[in-house]
Amino acid sequence: MASFQAPKGTFDVLPEQEAARAAVLAYTERVVGLAGYGRIETPMFEDTALFARGVGEATDIVRKEMFTFEDGGGRSITLRPEGTAPVCRAYLEHGMHRLAQPVKLWYAGSFFRYERPQEGRYRQFNQIGAEAIGSGSPLLDAEVVILLDGILRGLGIDRLKLKLSSLGSTAARMAYRDELREYLRAHESDLSEEVRARIDLNPMRAFDSDHERTRGVMAGAPTLLERLEGEDAEHFAEVRALLDAAGVAYELDPTLVRGLDYYNRTLFEFDCDRLGAQSGVGGGGRYDGLIEMLGGPATPAIGWAAGIERILLAMEAPQPQGSVEAFIVSAEQRERAFALVLELRAAGIGADLDLAGRSFKGQMKQADRSGARAAVILEADGTAKLRDMGSGEQREVDPARIVDEIRAAS
RNA sequence: GUGGGCGUAGCUCAGCUGGUAGAGCUCCUGGUUGUGGUCCAGGCGGUCGCGGGUUCGAUCCCCGUCGCUCACCCCA
């Protein structure tokens, strides 16, 4: 038993798992790249206040899930729990409001949340995300939803469900929350203890309760979508029409609540039932007030994030890792084999040799395991043979022309 | 933070009502003076998570602790 293990909620990504992750990143880059998104990288940690203000003091993330510490200079630092606030910070810091709007950015990297791990949930996890800042057009709402939908489906994830809602304007949302709170208080005696405790903090959560009498109460509760008015209602109708036109299926879910304070208007989430309890693969929404909250000018924006680990869980078993093309087998000519391996690699051909002192038979076995299509057998008399590991065919080759022979064979 | 399940070889696991450990896979060697993917044989590999208790004796019972895992909360 090893004396050290990866810290709780963290994990190693082993070589055979990297290919699938790389594929997710490559595909994401292609899809968002075609839509004009440029990649941005922000620090793994930020000033704690950025998240406290940006994400919201009342959210679970800020109240109990942040990895916060003091640096040597007495500054309060937090390992980033999400990507939107940092990207907005960078937008402001680099004066991106001077660029043509909207500014389209995407990112991929690790995020940190101090939580009890479970399937699809880790303390250090990875996300891909996209943010489009500087436009309130419903076209942009539709674009980002379609991008994530395209990425997820393109990666082969099926049994995917898109839930869509709108929170309306911040003012409308606040008004609705007050109305809901009043409604809940009026029926307080029928509510479960947990729901009652959250009336002030997060009344929307009451819609998710399993408590029977609570459900009864909520069936008669006003919903946010019913309260959408004026421009908010128009905006949402337009987003829906655009998604319909694009053939993106969704279901309206007025109870959809994302646990971050900065959202307004369009809200969406992709669920996959292959994931168990943590069924959310990714989601996002519009956050027209965030930039202003961070000290910038009023700037509309929208974005999403998706969990790479959850994407991987939802995907079919992925493809195997890469392998070398040629494996050099030799009995007592390791130096010669080594020199040949170096020569092949220099020529751009993946090559390897036995590095464990194996018997001849063991070397052939390793050649097989390595996935190499060709094995080169160096004989004691200086001659060489080229063996096709797929067909088993083998022939003598000119030792001086091995690189060419292998190149020709592949 | 709360609750359930589990912690025996690198991996997956077995171990009956307590008598100081087994299998399969993997890996190495041999079966073929050298040729892999099948098969056969042998071998390497374990402080039975850790600490304490009960007992003549504990992997097996009890307590504690750490870890993993699933779920709640919430979220990726």
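Numbering-wise, the first sequence is residues 250 to 659 according to the numbering used here.
C-beta: ideal position from N, C-alpha, C; glycine also.
Going by CA-CA distance only, name the one from the options that's closest to residue i.
| i | options | result |
| --- | --- | --- |
| I464 | D439, N451 and E478 | Looking at the sequence itself, residue 464 is Arg, so the reference to Ile does not match. Comparing Cα positions, the closest option is D439. |
| E500 | E475, K412, L562 and V444 | K412 |
| R365 | L561, F253 and M315 | M315 |
| G282 | A624, L409 and G399 | G399 |
| S659 | D647, A633, A649 and M638 | M638 |
| S619 | F519, E431 and S572 | S572 |
| G383 | G496, R535, R447 and R426 | R535 |
| E206 | K410, G369 and L401 | The chain is shown only over 250 to 659; residue 206 falls outside these bounds and no answer can be derived. |
| Y512 | D493, G533 and L524 | G533 |
| L341 | L404, P256, G544 and D502 | G544 |
| A468 | L433, E518, R312 and V488 | L433 |
| E541 | A470, M293, V273 and H346 | H346 |
| Y662 | R302, A301 and G405 | Lying outside 250 to 659, the shown extent of the chain, residue 662 is not represented and no answer is given. |
| L299 | A339, K610 and R270 | A339 |
| L429 | A307, N451 and M613 | N451 |
Given that a residue counts as buried once 16 or more other Cβ atoms are within 10 Å of its Cβ, and exposed if not, what is residue i?
| i | result |
| --- | --- |
| G417 | buried |
| I289 | buried |
| P264 | exposed |
| Q254 | exposed |
| S415 | buried |
| T327 | buried |
| Q568 | Model confidence at Q568 stands at a pLDDT of 47, short of 50, so the residue's coordinates are unreliable and nothing is read from them. |
| M423 | exposed |
| K353 | buried |
| S325 | exposed |
| L348 | exposed |
| L539 | buried |
DSSP puts residue i in a beta bridge; with which residues?
| i | result |
| --- | --- |
| R636 | A624 and Q643 |
| D309 | Answer is none; D309 lacks a bridge partner. |
| R370 | Q367 |
| S415 | T515 |
| D601 | F576 |
| Q376 | G358 and G556 |
| I655 | DSSP output for I655 lists no bridge partner at all. |
| E500 | K412 |
| I242 | Nothing in the structure corresponds to residue 242, since the chain is present only between 250 and 659. |
Measuring straight from C-alpha to C-alpha, what distance separates residue i and residue j?
| i | j | result |
| --- | --- | --- |
| R636 | R607 | 19 Å |
| E331 | I577 | 48 Å |
| E442 | E392 | 41 Å |
| A486 | L473 | 14 Å |
| D261 | E461 | 42 Å |
| E431 | V506 | 19 Å |
| T333 | D390 | 16 Å |
| G285 | A526 | 35 Å |
| G322 | T515 | 41 Å |
| A555 | T259 | 18 Å |
| G641 | R559 | 41 Å |
| W355 | Q376 | 11 Å |
| A470 | L397 | 32 Å |
(request) May I have a chain-ordered list of the beta strand (DSSP E) segments no shorter than 3 residues that lie completely inside the region 521-550? (result) 529-535
(message) Threshold first: 4 residues or longer. Then list the alpha helix (DSSP H) segments lying entirely within the region 454-492, N to C.
(response) 461-468
(request) Scan the region 266-344 and note each continuous alpha helix (DSSP H) run of 4 residues or more that stays entirely inside, going in chain order. (result) 297-304, 309-313 and 333-342
(request) Please list the segments of the alpha helix (DSSP H) lying wholly inside the region 420-451, counting only runs of 4 or more residues, in order along the chain. (result) 442-446
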